[in-house]
DNA sequence: GATAATGTTGGTCG
DNA sequence: ACGACCAACATTAT
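Numbering (this note's numbering), first residue to last: 4 to 277.
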């Protein structure tokens, strides 16, 4: 659910909320498997007295840079953060809670329990993921370099975090539509022009997602919402994602849905030919 | 009530 | 190297 634009939005909100510079006074874990690499008791103990020196995004990870540790939070499908001023009975989906030095409480809810918190001392995990698509190093030249020699369909490649960080199912489909490339096209078959279009489309689609504060599909609780429970506005701008049976905004051909890499995949069969 | 599908990722197996 | 499949889960739609 949260892809790069959603995670970026959350990180910005965490910063705006003034969490930087606060210390962690106490930590409580309600679901032990939300903690990836250690026992909850050790995890909590290690967090106490740590100062939040910085908060930033890397791929789909939220990174809390602490005094002597790095706290990585991956929201996976349904992870969400909330900030409360008052102690309250934990919500049924609440998995972790951090008590902060100014009296506020950072609460983490995760309906499907796929999200993971990792407390480490090194950047090892972050070093394993691919290039940041909105950074200045993601030039067309770099993009081309990443693509060369790969025998693979383009969509599964875009979803692979090892190569480019932060693209998920929604933005992959949207970028491919914008670049007029069929999701099943083999990378080796792409022309220079198509690669150029795709490079630009990836950046455009992600930037627009951030400008619109993320994509919130449907009405269900599980769907993405920000720190204050507010919804993103990007869903209104989607061209193909979950729009099967609707006309393509470019050519009016009916959008099709198929399954690729076990993910629902939406495309225009006319604009995006195989 | 059963079944399929849901935006993520990691592992296994061929 | 890559893809197909499953697993981790809870909820909603059909």
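Where is the CB? At the ideal position from N, CA and C, for every residue including glycine.
Please specify which runs of the alpha helix (DSSP H), each continuous and at least 4 residues long, are wholly inside the region 193 to 244, giving them in chain order.
195 to 214
When the distance is taken between beta carbons, is residue 107 closer than 7 Å to residue 88?
Yes; because the gap between Cβ atoms is below 7 Å, this pair is in contact.
With a cut-off of 8 Å, do at least 3 Cβ pairs link the region 40 to 58 to the region 16 to 23?
yes
Take the Cβ of residue 101 as the centre, count every other Cβ of all protein chains shown within 10 Å, and call the residue buried at 16 or more, exposed below.
Around the beta-carbon of residue 101, 16 or more other beta-carbon atoms lie within 10 Å, marking it buried.
To the nearest angstrom, how far is it from the Cα of residue 17 to the Cα of residue 63?
15 Å
With residue 217 and residue 237 assumed to form a contact (beta carbons below 8 Å), what rounded beta-carbon distance in angstroms separates them?
Between residue 217 and residue 237, the beta carbon gap of about 6 Å places them in contact (Cβ cut-off 8 Å).
Which runs of the alpha helix (DSSP H) spanning at least 4 residues fall entirely within the region 103 to 163, listed in chain order?
The qualifying runs are 127 to 130, 143 to 150 and 157 to 162.
Tell me residue 57's beta-bridge partners as DSSP assigns them.
68
Determine which residues share a DSSP beta bridge with residue 77 and list them.
In DSSP, residue 77 forms a bridge with 64 and 119.
Report, in whole angstroms, the separation of the C-beta atoms of residue 175 and residue 162, which I expect to be a contact under 8 Å.
6 Å
Considering just the uninterrupted stretch of the alpha helix (DSSP H) at residue 178, what are its terminal residues?
172 to 181
For residue 30, which beta-bridge partners are listed by DSSP?
101
Taking DSSP's pairing of strands, which residues face residue 263 in a bridge?
Listed as beta-bridge partners of residue 263 by DSSP are 266.
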